[in-house]
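Colleague: Line order of the protein sequences matches chains C and L.
Start counting at 1 in the first sequence, then tack on 41, and there's your number in the numbering used here.
Start counting at 1 in the second sequence, then tack on 41, and there's your number in the numbering used here.
Have a look at this one.
Protein chains: 2
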Amino acid sequence: MPVRPYHHGDLRSALLASAERTLLEKGVAALSLRELARDIGVSHAAPGRHFKDKQALVDALALSGFERMAQLLNATDDAQAPLEDRLVALAKAYVHFAASNAELLEVMYTRKHDPDISEQLIAAVESTTVPFVRIISDAQERGEIVAGDAWTVSLVVGAALHGTASFAAQGTLTPESAVAGVPDLIHHLLNGLKPR
Amino acid sequence: MPVRPYHHGDLRSALLASAERTLLEKGVAALSLRELARDIGVSHAAPGRHFKDKQALVDALALSGFERMAQLLNATDDAQAPLEDRLVALAKAYVHFAASNAELLEVMYTRKHDPDISEQLIAAVESTTVPFVRIISDAQERGEIVAGDAWTVSLVVGAALHGTASFAAQGTLTPESAVAGVPDLIHHLLNGLKPR
DNA sequence: CATCATTGTTGTCATTGACAGCATTGTAGT
DNA sequence: ACTACAATGCTGTCAATGACAACAATGATG
Chain C
42 MPVRPYHHGD LRSALLASAE RTLLEKGVAA LSLRELARDI GVSHAAPGRH FKDKQALVDA
102 LALSGFERMA QLLNATDDAQ APLEDRLVAL AKAYVHFAAS NAELLEVMYT RKHDPDISEQ
162 LIAAVESTTV PFVRIISDAQ ERGEIVAGDA WTVSLVVGAA LHGTASFAAQ GTLTPESAVA
222 GVPDLIHHLL NGLKPR
Chain L
42 MPVRPYHHGD LRSALLASAE RTLLEKGVAA LSLRELARDI GVSHAAPGRH FKDKQALVDA
102 LALSGFERMA QLLNATDDAQ APLEDRLVAL AKAYVHFAAS NAELLEVMYT RKHDPDISEQ
162 LIAAVESTTV PFVRIISDAQ ERGEIVAGDA WTVSLVVGAA LHGTASFAAQ GTLTPESAVA
222 GVPDLIHHLL NGLKPR
C-alpha cells in the first residue's frame, strides 16, 4: 500500500478544506491546528509551514469566504431586471449565504486580521459591495432612486441587509424567515416607512 | 496590614469587572480565567466557584451588556419628541454604544449561550428591542408610519441599525462616521430610497 | 550531481481550562 | 454557644494546545 509520501503535496489546501468543515460544524473556537494535522495525518507542527499561526489560518478562511461571497453576489446580479426585483434577488442571495454559513460569517466580519492579508481582504470585501453600489448607481441614473452619493445610499441598503444577515446568522431570526422577509424589507427601504 | 481574608467577599463581581476591562481592551480571545485570578490575587481555581466554565463567564458578560444597553436605550427614549427626532436619538445611542463597546458586542451577539442563562438573556435582549417597537407603534397610531405588524416594521429599523452598529464595531465605519450617518439613515428609512 | 529552499518531523515549553480533594469560613438550626 | 452544613477558597494534577527550535527528507536549479 502506498504509504503517504513524505510530502503531502497540497497540505495548505487540505488544511483549509478541513478547517472550513470544522468551522461550519463546530465554530472557530473548536478549531485546533493540532487536530487538523491529526485528521490529515501529518505531524502537529506541519501546519506551521503554511500558516504562521492560528490567526493566519483564520484569516485565510475569511478571505476565501469573502471571495466566494463576492462571486455569488456578482453572479446573482441581473442588470436587466427591474430595480426592486434586482435588489430582492441580490439581497436574498446575501442573506441566504449568511444564514448558511453563520460560523464563517463570524470569522469574516471580525476585525483582527493580519495587516499582511488585509490588502487582499480589503479587495475581497470591496468586490462584495460592488454589486449593491452598482444597482444603486444604475437606478439613480434612471431617476428611480434619490440622488446623492451612491455609496452613502448603498450603505442604507447594506446596513439593513447586514443587520438581517447577522440576525439570521446568530439565530435571532431563522434562516427561512430571514430570507422570507427580504422582499418586504426591500419594499420598505424603497418606499419608506412613512405612509405615501 | 490587613492580609486579604480567606474569603474575598465579592469575587464574582470582581471577576466580572476585571473580565470586562480585559474584554474591552484585548477581546474575548485574551480572556483567561487564570489570569483574572492572578490579577485579583486568588487561586487559579477560585473563579470556578462562580463560573462553571469560561463560557459561563462570557455569558454573564453578555447579559450585563444587554442590561446596560437596555437601560441606556430606555432612558434615552423621549416619548414626547417628534417621530424622526425620537428615532434619531435612540439610533444614535444604540450605534454609539455599539461602537464604544465593540468587543462586548461581539460577545453579546453570539449564539453560544448556555441554555440556563438564556432565559434571562432573552428577557434582556427583548427589553432592548422594546423602545424601537414602542416608537413604531406610537407612530402607527398617529398614522405617521405605515400600518402593519409593529414588530415586523421595527425589524426594518432594527436591522439597519444593527448593520450600522456592526460596521462600526468591526471597523468598516469609524465610530464617528457611523454616528454621524445616523440622521441620514433614519431619514432614508422613513422617506424611502425612491424619489417622492 | 551539488547546493539550497521547501516542506515535514520530533521534541519541548509555558499556558490554559477543567476537575478532584482538601481547608477555611459563615450561617442556620438547635 | 455548638454543631452541622453550605459556600467559598486552595493545592495539585491532567490533557490539550500553540508556538518554537533543531533536525530530516525531498525536490528544484544550475
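Quick reminder that beta carbons are idealized off the backbone N, C-alpha and C, glycines included.
Please read these numbers as outputs of a predicted model, since none were measured by experiment.
Give the secondary structure of Ile-176 (chain L) by DSSP, where H, G and I count as helix, E and B as strand, and everything else as coil.
Modeller: For this step, residue 176 (chain L) is matched to residue 135 along the second sequence. Residue state, collapsed to three classes: helix.
Colleague: Kindly say whether Arg-1 (chain L), judged by its beta-carbon, lies nearer than 8 Å to any beta-carbon of chain C.
Modeller: The structure shown does not extend to residue 1 (chain L), since chain L is modelled only from 42 to 237, so the question has no answer here.
Colleague: Closer than 7 Å by beta-carbon distance: list the chain L residues that pair up with Asn-232 (chain C), in chain order.
Modeller: Position 191 of the first sequence, counting from 1, holds the residue named residue 232 (chain C). The answer, in chain order, is Gly-233, Lys-235.
Colleague: Can you name the start and end residues of the alpha helix (DSSP H) that Gly-204 (chain C) belongs to?
Modeller: Sequence index remark: in the first sequence, residue 204 (chain C) carries index 163 (1-based). First-last of the alpha helix (DSSP H) with Gly-204 (chain C): 191-211.
Colleague: For a quick check, are the C-beta atoms of Phe-107 (chain L) and Leu-162 (chain L) less than 8 Å apart?
Modeller: For this step, residue 107 (chain L) is matched to residue 66 along the second sequence. For this step, residue 162 (chain L) is matched to residue 121 along the second sequence. For Phe-107 (chain L) and Leu-162 (chain L), yes; Cβs fall inside 8 Å.
Colleague: With a threshold of 16 other CB atoms inside 10 Å of the CB of Asp-100 (chain C), please say whether the residue is buried or exposed.
Modeller: The residue labelled residue 100 (chain C) in the question sits at position 59 within the first sequence. That one is buried.
Colleague: Using CA coordinates, which residue listed in C:Ser-168, C:Leu-124, C:Lys-93 is at the minimum distance from Arg-109 (chain C)?
Modeller: Translated into the one-based positions of the first sequence, residue 109 (chain C) becomes position 68. Of C:Ser-168, C:Leu-124, C:Lys-93, the residue nearest in Cα terms is C:Ser-168.
Colleague: Anything in chain L within Cβ reach of Ser-207 (chain C), meaning under 9 Å, just list it in chain order.
Modeller: Taking the first sequence and counting its residues from 1, the one referred to as residue 207 (chain C) is at position 166. By Cβ distance, chain L contributes Tyr-150, Ala-200, His-203, Gly-204, Ser-207.
Colleague: So Val-148 (chain C) is in the alpha helix (DSSP H); what residue range does that whole segment cover?
Modeller: One-based indexing of the first sequence puts residue 148 (chain C) at position 107. Element bounds for Val-148 (chain C): 143-149.
Colleague: Is there at least one Cβ from chain C nearer than 8 Å to Val-197 (chain L)'s Cβ?
Modeller: The residue you call residue 197 (chain L) lines up with position 156 of the second sequence. Yes, Val-197 (chain L) lies at the interface with chain C (some Cβ there is under 8 Å from its Cβ).
Colleague: Determine, for Val-194 (chain C), whether the minimum Cβ-Cβ distance to residues of chain L falls below 8 Å.
Modeller: Locating residue 194 (chain C) in the first sequence gives position 153, counting from the first residue. Yes, Val-194 (chain C) counts as interfacial toward chain L.
Colleague: So with CB distances below 8 Å, who are the chain L contacts of Ile-186 (chain C)?
Modeller: For the purposes of this step, residue 186 (chain C) is taken as residue 145 along the first sequence, with counting starting at 1. By Cβ distance, chain L contributes Leu-234, Lys-235, Pro-236.
Colleague: Check whether the Cβ atoms of His-91 (chain L) and Leu-52 (chain L) lie closer than 8 Å to each other.
Modeller: The sequence position of residue 91 (chain L) within the second sequence is 50, counting from 1. The sequence position of residue 52 (chain L) within the second sequence is 11, counting from 1. A contact, by the Cβ cut-off of 8 Å.
Colleague: Starting from Leu-65 (chain C) and walking both ways along the alpha helix (DSSP H), at which residues does that stretch end?
Modeller: Residue numbering aside, residue 65 (chain C) sits at position 24 when the first sequence is read from its first letter. That run of the alpha helix (DSSP H) goes 52-67.
Colleague: Between Lys-95 (chain C) and Leu-102 (chain C), what straight-line distance do the alpha-carbon atoms span, to the nearest angstrom?
Modeller: Position 54 of the first sequence, counted from the first residue, corresponds to residue 95 (chain C). Position 61 of the first sequence, counted from the first residue, corresponds to residue 102 (chain C). Roughly 11 Å separates the two Cα atoms.
Colleague: Using the C-alpha atoms, what's the distance from Pro-46 (chain C) back to Ala-134 (chain L)?
Modeller: Taking the first residue of the second sequence as position 1, residue 134 (chain L) is located at position 93. Taking the first residue of the first sequence as position 1, residue 46 (chain C) is located at position 5. Between Ala-134 (chain L) and Pro-46 (chain C), the C-alpha separation is close to 60 Å.
Colleague: DSSP state of Pro-325 (chain L), grouped into three classes?
Modeller: With chain L represented from 42 up to 237, any question about residue 325 (chain L) goes unanswered, as that position is not in the structure.
Colleague: Report yes if the C-beta distance between Ala-182 (chain L) and Lys-235 (chain C) is below 8 Å; otherwise report no.
Modeller: Residue 182 (chain L) sits at position 141 when you count from the first residue of the second sequence. Residue 235 (chain C) sits at position 194 when you count from the first residue of the first sequence. A small fix is needed here, since residue 182 (chain L) is Glu in this sequence, not Ala. No. Outside cutoff.
Colleague: What is the C-beta distance between Ala-209 (chain C) and Val-136 (chain C), in whole angstroms, given that I count them as a contact (C-beta under 8 Å)?
Modeller: Start at 1 with the first residue of the first sequence, and residue 209 (chain C) comes out as number 168. Start at 1 with the first residue of the first sequence, and residue 136 (chain C) comes out as number 95. That belief holds up - the Cβ atoms of Ala-209 (chain C) and Val-136 (chain C) are roughly 6 Å apart, short of 8 Å.
Colleague: Output yes or no for whether 8 Å exceeds the beta carbon distance between Val-129 (chain C) and Pro-224 (chain C).
Modeller: Start at 1 with the first residue of the first sequence, and residue 129 (chain C) comes out as number 88. Start at 1 with the first residue of the first sequence, and residue 224 (chain C) comes out as number 183. Yes, these two residues count as a Cβ contact at 8 Å.
Colleague: Count the other CB atoms, across all protein chains shown, that sit within 10 Å of the CB of Glu-160 (chain L); report buried if there are 16 or more and exposed otherwise.
Modeller: Numbered from its first residue, the second sequence carries residue 160 (chain L) at position 119. Burial call: exposed.
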